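First residue of the sequence shown: 79, per the numbering used here; consecutive thereafter.
C-beta: ideal position from N, C-alpha, C; glycine also.
Being a predicted model, the structure only gives us computed values, none of them experimental.
Heads up, the thing below is written out as structure tokens.
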Amino acid sequence: MSKQFDVVVIGAGPGGYIAAIRAAQLGFSVACVDAWENEKGGPAPGGTCTNVGCIPSKALLQSSEHFEHAGHAFKDHGIDVAGLSLNLPQMLKRKNTVVKQNNDGILFLFKKNKVTFFHGRAAFAGAATADGYPLTISAPANETINAKQVIIATGSNARALPGAEFDEKLILSNTGALAIEGVPAKLGVIGAGVIGLEMGSVWRRLGSEVTVLEGLPVFLGAVDEQIAKEAGKLFAKQGLNINLGCKIGTITKGADNVTVAYENAKGEAQTAVFDKLIISIGRTPNTDGLAADKVGLKLDERGFVAVDDDCKTNLPGVWAVGDVVRGPMLAHKAEEEGVAVAERMAGQHGHTNFNTIPWVIYTSPEIAWVGRTEQQLKADGVAYKAGTFPFLANGRARALGDTSGMVKFLADANTDEILGVHIIGPMASELIAEAVVAMEFRASAEDIARICHAHPSLSEATKEAALAIDKRTLNF
Ligand code: FAD
Ligand code: NAI
């Protein structure tokens, strides 16, 4: 007889594994099925985020930043580093160790929370019966199980450019970009989005000459314009060669290089030869192998699993969360949806607030924001006030030796409610949390301006930016 579960989660990325744990905490019998394999063929739960996304990219960003600081920034602190050299195999090995610690951590959490884990690919085997949905699981698990309710959390894959399929040797997706075995002298990147900038930064710091070719005429269109402009200047100063308005033509692979023909923003024909080419032009939802058609699961016109505001699909008892559904493709958005769905299943009122999902780009300096940009407020006809404070005037940033960037507050002109906070600068990824909390509680800029912040700390720049709304900064 097939094993019977209240809830089966398909996919153990951040959306899936968190949903499984929360559902188990709420008293359901839960299984989670994940297909990801490590190099030994064993399970590697954690999805894109843990295996080829958030975690390994941040490990390499950290290592490459240390390398760059050891080469330049340490000298200013009075630390002379003689004979600095790069041990790339060790850097990649450390990154792999960090990934494995996360894989093992998730397996431990499953045990702790009594979630049954199956390693294999799950597929719908047919319509729901009195026992729920029958699901098959491929090798190595080789099981058939029944689920009263199903959460689909199958994530996304890198989008390829037509005619330039990923081989992960010369033409790289995020997977190959995180595992280049020798620093390429010339690295091409197509797409100046989050992956392009993060991966471009890693390899530039390690010694590559990096050329980024972006299709749109504007840089970081989703980011507040003032912040994006500052970022563009700083990245150019670092040596990232970012070309906007490029129309990519033919991509030709040689024995050990790739030639990209493109038109630049002036419409002039160009060719560039790279040792490796990263293509980071967005991601597509992953419903491969689910046999969604067997049960009539509805997909939208872009291939995402169609869901309502509560993450319910068109099938009773089937939910979907994370990258495979609409909304930002972010690990914490997937997690929030996973928790909310588990709580809804238990009759609670799980909630995901799309207005307060933070975004972070882990370049140096980091870029982080929550809420609306100044250009969005203008387009929406909202009366607003803006306040900025530069890290140059922050004592902790000066002590750190990292004074680039600013904090920017946008507040409603009438009510003073915070509508958006935008940060470019050191530790922006951590600083943004205060703004998220404030916005979740619908705080005013004045609330932040009147809260005591530790001195000396980078967070004082947040308080000062809030003070700047009414032109009463104390340190600038
Ligand atoms: P995924 O993490 O993609 O997990 C889906 C899982 O389902 C996979 O393990 C897959 O093997 C499995 N699966 C698929 N189909 C089946 C099936 N039929 N049966 C069994 N298993 C199946 N986001 C951030 O918030 N912060 C970051 O810093 C960040 N950095 C990133 C860096 C890179 C290079 C990339 C590529 C992405 C990054 N992201 C980041 C995005 C983040 O990785 C995704 O938003 C997140 O992983 C989505 O989680 P998910 O659970 O929806 O899907
Ligand atoms: P992206 O959407 O961030 O950027 C893609 C870029 O490629 C855009 O600027 C787009 O205009 C450009 N582009 C698209 N088609 C093109 C073409 N044909 N020619 C030239 N340029 C083209 O996507 P990216 O960088 O692939 O990342 C995917 C997603 O992964 C992100 O949107 C994000 O959700 C997630 N991610 C999050 C990270 C984080 O939170 N720090 C880090 C990395 C990824």
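C-alpha gap between L162 and K178, whole angstroms: 28 angstroms
Identity of the residues DSSP links to I123 by a beta bridge: The displayed chain sequence assigns Pro, not Ile, to residue 123. None, per the DSSP bridge assignment.
Nearest residue (CA-CA) to A122, options A101, A270, G198: G198
Start-to-end residues for the alpha helix (DSSP H) that takes in T253: 252-255
Other residues of its chain near M277: CB distance less than 8 angstroms, five sequence neighbours each side excluded: S135, N252, A255, L256, V267, I356, S358
For V448 and R520, the rounded distance between their alpha carbons: 13 angstroms
Every unbroken beta strand (DSSP E) within the segment 160-229, with a cutoff of 3 residues, ordered by chain: DSSP runs (the beta strand (DSSP E)) wholly in the segment 160-229: 193-197, 200-202, 211-215.
Minimum C-alpha distance to A370 - residue among A409, Q348, V402: V402
Residues of its chain near A513, where Cβ-Cβ distance is below 6 angstroms and the 5 sequence neighbours each way are ignored: The answer, listed in chain order, is V448, V499.
Whole runs of the beta strand (DSSP E) within the segment 395-466, excluding any shorter than 3 residues: 396-398, 437-439, 444-449
Beta-carbon proximity check, L536 vs R474, cutoff 8 angstroms: yes
Collapsed DSSP secondary structure at G498 in the structure displayed: strand
Any non-hydrogen atom of the ligand NAI closer than 7 angstroms to V438 Cβ: yes
Residue burial classification, G105 (beta-carbon count within 10 angstroms, cutoff 16): exposed
Boundaries of the alpha helix (DSSP H) in which D525 is found, first to last residue: 523-527
T175 Cβ short of 7 angstroms to the ligand FAD heavy atom set: Checking the Cβ of T175 against the ligand FAD gives no.
Host alpha helix (DSSP H) of E276 (start-end): Taken as a continuous stretch (DSSP letters only), the alpha helix (DSSP H) holding E276 covers 272-283.
Cβ shell of D154 (< 8 angstroms), same chain only, five flanking positions each side left out: Counting only residues of its own chain and dropping the five nearest sequence neighbours on each side, D154 has a CB closer than 8 angstroms to the CB of G479.
Any non-hydrogen atom of the ligand FAD within 7 angstroms of T232 CB: yes
beta-carbon I184 near the ligand FAD non-hydrogen atom, thresh 7 angstroms: Not so, every heavy atom of the ligand FAD lies at least 7 angstroms from the Cβ.
Local conformation of L139 per DSSP, three classes: helix
Exposure label - H150; buried when at least 16 CB within 10 Å: exposed
Any non-hydrogen atom of the ligand NAI closer than 7 angstroms to M517 Cβ: no
Local conformation of I249 per DSSP, three classes: Residue state, collapsed to three classes: strand.
Secondary structure of N134, DSSP reduced to three states: A small correction: the amino acid at residue 134 is Pro; Asn does not occupy that position in the sequence shown. Helix.
Nearest residue (CA-CA) to I501, options D490, N492, A350, S482: S482
Rounded distance between the beta-carbons of I526 and V438, thought under 8 angstroms: 19 angstroms between Cβ atoms; not a contact.
Exposure of M588, with buried meaning 16 or more beta-carbon neighbours within 10 Å: Given a span of 79 to 554 for the chain in the structure shown, any question on residue 588 remains unanswerable.
Beta-carbon spacing of G360, G93 below 8 angstroms: Not in contact: G360 and G93 (Cβ atoms no closer than 8 angstroms).
Simplified DSSP state of F152, which is helix, strand or coil: helix
Short Cβ contact (8 angstroms threshold) for L139 with V280: yes
Assigned secondary structure, V301 (DSSP; H/G/I helix, E/B strand, else coil): Of the three classes helix, strand and coil, the one that applies to V301 here is coil, per DSSP.
Neighbourhood of K463 by C-beta distance below 6 angstroms, restricted to the same chain and skipping five residues each side: A489, A491, I547
Alpha carbon of D84 to alpha carbon of Q227, nearest angstrom: In a straight line, the C-alpha of D84 is about 6 angstroms away from that of Q227.
Anticipated Cβ contact below 8 angstroms, G367 with A201, distance rounded: 6 angstroms
Sequence-distant residues of its chain with Cβ nearer than 7 angstroms to Q82 (five each side left out): D209, N224
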